[in-house]
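Student: There's a structure below that I have some questions on.
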Amino acid sequence: MGGDFLFFIEATVSGLTAGVMYSLVALGFVLIFKASGIFNFAQGVMALFAALTLVGLMEKFGLAPWVAIIATVGVMIVLAWLIERLVLQHMVNQDPIILFMSTIGLAYVLEGLGDILWGSDVKVLDIGIPQGALDWLLDDYGIYIEKLEIVAAATGAVLVMVLAVFFSKTRIGRALRAVADDHQAALSVGISLRTIWVIVWSVAGIVALVAGIMWGSKSGVQFSLSLIALKALPVLILGGFTSIPGAIVGGLIIGVGEKWAEIYFGSLVGGAIENWFAYVLALAFLLFRPQGLFGEKIIERV
Amino acid sequence: MTEHRRIVGDTLLKVENISLGFGGVQALSNISLEIREHEILAIIGPNGAGKTSMLNVINGFYHPQEGAITFKGEVRRAMRPYIAAKQGIARTFQNVALFRGMSTLDNIMTGRNLRMQSSFLWQTLYYGPARREEMVHRRRVEEIIDFLEIQAIRRTPVGRLPYGLQKRVELARALAMEPELLLLDEPMAGMNVEEKEDMCRFVIDVNEQFGTTIALIEHDMGVVMDISDRVVVLDYGRKLADGTPDEVRANQNVIDAYLGVPHA
C-alpha cells in the first residue's frame, strides 16, 4: 500500500506543477481580457516568440542568460507598443469579435516573424534552471519530482501575488479595470486608452516570456509551444476569464485532474485521458457554471 | 427660485460656429455658445436636438468638422478627452457609464487618476510613495462620499446599485476630478421625485460650495427653470434661443418648438 500512496503523491505533485505551467499561459489571457475585453488568440504565440527571442539572443549574440532575459523583456514591450500602434489603435469601439479576429492575424504574423528572425529548428533553452529530480526526495522517499517544476511553481506564485496587488490596489490597476468596463467613461476621467493598452500588452508579453521560459526549458523551444494556448482555454473556462486567482486555481485543478483521471480511470477507456480530460471538464463547466469558478457574474438590471 | 450667492464671472468655455455631421445626418449646425465661470447653464431641446452631441464636442469625444473651442483662453479646433480631463472638464453620461465590476469607492478613485503621480515601478511594488499617495487621495474621496451621502454603499459593486444611486456615484466620480467645468447629461432622468430633489440639491451645492461651473442637459422644465442661471435651447442641431430662464420661457421660437406651430 505504501507504494501506492507514494505514487499518488507523486502524481498529485506532478499534476500541480503541470497545472502551474498551464496557469502561467492562462494568466496572459486573463490580463488582456480583463483590461480590454479582447480574447487574445496570439497569447500562445507570444510565449513562443518570447522564448525564441530569448534563445536567439543567447545563441547568436552570446548574451548571458540574465542579459538576454532583460533584452527580451524590452523586445516584448516594444512589441506591445507596436501592436497598439498598428492594430489596436484602429480598432477602438469595434465589436469584440473583430478585435478577436485581429489577434488571430497577429498570431500568424508573430509566428512568421519568429520563423524569419530565429529559424524554425527546435532549440534548447538553458538559462541555468536546475534540471533533473530533487535528489533527497528521490533517495529518502522514492518520490520523483522535477526541480524545474518547483522553480516554475515558485515563479508562478510570485507573479500572481505581484499582479493581484497591482490590479487591486494601484492607480494603474484601477485604470486597467476601468478601461475593461467602459471605454468612454474611462476616457472621461482622463485615462489614456493607449497607455493602458501598451502597459497591459507589455505585462502580458512578460507573462508570456515567463511561460515561454518554463515550457521551453522543459521541452525545448519549438513551434508546438504555441499550442499550449489550447491547454489554457479549459483553464480559463474553469477559472473565469476575468479572474487572476481563477487562472491559477483553474490550472491546478486541470493539472491534477488530468493526472488522477489518467491513473484511476485511464485503464477503463484504454488510456490517453490526459489529452482530452481538460476539455470535457471545461464542457461541463460551460453547461453548469459558464462564468467559471471566480469569474464576475454578469448582472443585468432590467 | 434658488438664490445663488456666487458671482457669475467671465467666459470659461466658448464654442464658435460648431458644425458636426455623421454621414448624411447633421447633428449640429453652426452653433455658438458660451459657458461662464461659476454659472449653471442648462441645455434643453427636444429629443435628437443635438444636446448630447454638444457635450461630446466639449469634452472631445466628437471632433466637429467646423468651428473652434476656447477653454480657459486656449483656442482649439477640437478637444481631446484626455486634454479635456487634464484641463478640468468632468462629465456624467445619459446612460450611466460606471465601471460596473468595481466598488463605489474604486469607481470614485478613478476620478483621482490624473492627480496621482507615483511611478509605475513603485505602484507595481505598492510601496513607499505609491502607498502614501493612495492614502491622501482616499481621504479626499471620503469627503466626496460624505458630501453626496453615499457612505453606506462604499464597498458595493456599482452594478448592484439601483439606478438613482448609480447616477449619484457617477456624479461622485466626476467630482473626484475636482473639475472647473462639470458636464451633466440628464442627471435626473428616470428618477423618482425624491431622488430628483436630492440630485437638484447636490447640483446646487456643488455649484455654490465649490464654485464649479455646471452645464447640464435636462428635460424636466421645472428643474431647469429652478436651478439654472441661463438656458440654451437647441432644436434639430440649431440654436433656437439663449438667455435667462424667463427670457427663454417667453421666446416665441421656443414655444413653437415645444408646443408645435398651428397649421392654418
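Those protein sequence lines, which keep their order, are chains D and B. Numbering that gives the first Met the number 0 puts the first residue of the first sequence at 0, with every later residue one more than the last. Numbering that gives the first Met the number 0 puts the first residue of the second sequence at 0, with every later residue one more than the last. The beta-carbon is built from N, C-alpha and C at its ideal position, and this holds for glycine as well.
What residue does the alpha helix (DSSP H) around Gln-183(D) start on, and which one ends it?
Tutor: Indexing the first sequence from 1 puts residue 183(D) at position 184. Residues 182-187.
Student: Helix, strand or coil: how does DSSP classify Arg-153(B) here?
Tutor: Position 154 of the second sequence, counted from the start, is the residue given in the question as residue 153(B). If DSSP states are grouped into helix, strand and coil, Arg-153(B) belongs with coil.
Student: Determine, using beta-carbon pairs with one atom in the segment 172-191 of chain D and one in the segment 79-86 of chain B, whether at least three such pairs fall under 8 Å.
Tutor: yes
Student: For Tyr-257(B), which residues from the same chain have a beta carbon less than 8 Å from its beta carbon, with the 5 sequence-adjacent residues on both sides left out?
Tutor: Within the second sequence, the letter at position 258 stands for residue 257(B). Correct list, in chain order: Pro-45.
Student: Figure out for me which residue from Leu-267(D), Lys-258(D), Ala-207(D) has the closest Cα to the Cα of Ser-22(D).
Tutor: Taking the first sequence and counting its residues from 1, one reaches residue 22(D) at position 23. The shortest Cα separation from Ser-22(D) among Leu-267(D), Lys-258(D), Ala-207(D) belongs to Ala-207(D).
Student: Apart from the five residues on each side of it in sequence, which residues of its chain come closer than 7 Å, Cβ to Cβ, to Gly-113(D)?
Tutor: Locating residue 113(D) in the first sequence gives position 114, counting from the first residue. Result list for Gly-113(D): Leu-47, Phe-48, Leu-51, in chain order.
Student: Since Arg-172(B) meets chain D, which of its residues come closer than 7 Å, beta carbon to beta carbon?
Tutor: Numbered from its first residue, the second sequence carries residue 172(B) at position 173. Val-188, listed in chain order.
Student: Does the distance from the CB of Thr-11(D) to the CB of Val-255(D) come in under 8 Å?
Tutor: Counting from one through the first sequence, the residue named residue 11(D) turns up at place 12. Counting from one through the first sequence, the residue named residue 255(D) turns up at place 256. In this structure, Val-255(D) lies closer than 8 Å to Thr-11(D) by Cβ.
Student: Which residue or residues does DSSP assign as beta-bridge partners of Gly-242(B)?
Tutor: As a working note, residue 242(B) is residue 243 in the second sequence. Partner(s): Val-230(B).
Student: Return the chain-ordered list of same chain residues with a C-beta closer than 6 Å to the C-beta of Glu-246(B), the five sequence neighbours on each side being excluded.
Tutor: As a working mapping, residue 246(B) is identified with position 247 in the second sequence. Shown here for Glu-246(B): not one same chain residue has a beta carbon closer than 6 Å to its own, the five before and five after excluded.
Student: Interface residues of chain D around Phe-92(B) at Cβ under 8 Å?
Tutor: Your numbering for residue 92(B) matches position 93 in the second sequence. Within 8 Å Cβ-Cβ: Gln-183, Ala-184, Ser-187.
Student: Beta carbon of Leu-91(D), beta carbon of Leu-175(D): below 8 Å?
Tutor: For the purposes of this step, residue 91(D) is taken as the residue at position 92 of the first sequence. For the purposes of this step, residue 175(D) is taken as the residue at position 176 of the first sequence. Sequence check: residue 91(D) is Val here, not Leu. In this structure, Leu-175(D) does not lie closer than 8 Å to Val-91(D) by Cβ.
Student: Can you list, in chain order, the residues of its chain whose CB lies under 6 Å from that of Lys-230(D), leaving out five sequence neighbours each side?
Tutor: Your numbering for residue 230(D) matches position 231 in the first sequence. Tyr-21.
Student: To which residues of the same chain is Leu-113(B) closer than 8 Å at the C-beta, ignoring the five residues directly before and after it?
Tutor: Counted from its first residue, the second sequence places residue 113(B) at position 114. Cβ within range, chain order: Ala-84, Lys-85, Met-176.
Student: Output yes if chain B places a C-beta closer than 8 Å to the C-beta of Val-301(D); else output no.
Tutor: Here residue 301(D) refers to the residue found at position 302 of the first sequence. At Val-301(D), the pLDDT of 47 sits below 50, so the modelled position is not reliable; the number obtained from the coordinates is stated separately. Chain B contact via Cβ: absent.
Student: Strictly under 8 Å for the Cβ-Cβ distance: is Arg-288(D) near chain B by that measure?
Tutor: One-based indexing of the first sequence puts residue 288(D) at position 289. Not an interface residue.
Student: Which residues in chain B sit within 8 Å of Arg-173(D), going by Cβ to Cβ distance?
Tutor: Counted from its first residue, the first sequence places residue 173(D) at position 174. In chain order: Met-101, Asp-105, Met-108, Thr-109, Asn-112.
Student: For Leu-226(D), I'd like the list of residues in its chain whose CB is within less than 7 Å of its CB, leaving aside the five on either flank, ordered along the chain.
Tutor: As a first step, residue 226(D) is located in the first sequence; it is residue number 227 there, counting from the start. Around Leu-226(D): Gly-43.
Student: Can you tell me which of Glu-83(D), Trp-80(D), Ile-82(D), Leu-56(D) puts its alpha carbon nearest to the alpha carbon of Ala-70(D)?
Tutor: Position 71 of the first sequence, counting from 1, holds the residue named residue 70(D). Nearest of Glu-83(D), Trp-80(D), Ile-82(D), Leu-56(D) to Ala-70(D), Cα basis: Leu-56(D).
Student: When you measure from the CB of Val-121(D) to every non-hydrogen atom of the ligand SAH, does any distance come out below 7 Å?
Tutor: Only the bare structure without any ligand can be found here, which leaves the ligand SAH out of the picture.
Student: Measuring CA to CA, which of Ile-226(B), Arg-159(B), Arg-111(B) is closest to Arg-138(B)?
Tutor: Locating residue 138(B) in the second sequence gives position 139, where the first residue counts as 1. Out of Ile-226(B), Arg-159(B), Arg-111(B), Arg-111(B) has the C-alpha closest to the C-alpha of Arg-138(B).
Student: Determine, using beta carbons only, whether Arg-84(D) comes closer than 8 Å to chain B.
Tutor: On the first sequence, residue 84(D) is found 85 positions in, with the first residue counted as 1. Interface criterion not met: the Cβ of Arg-84(D) is under 8 Å from no Cβ in chain B.
Student: So Pro-178(B) contacts chain D; which residues on that side make the cut at Cβ distance below 7 Å?
Tutor: Position 179 of the second sequence, counted from the first residue, corresponds to residue 178(B). Result: empty, since nearest Cβ-Cβ is about 10 Å, beyond 7 Å.
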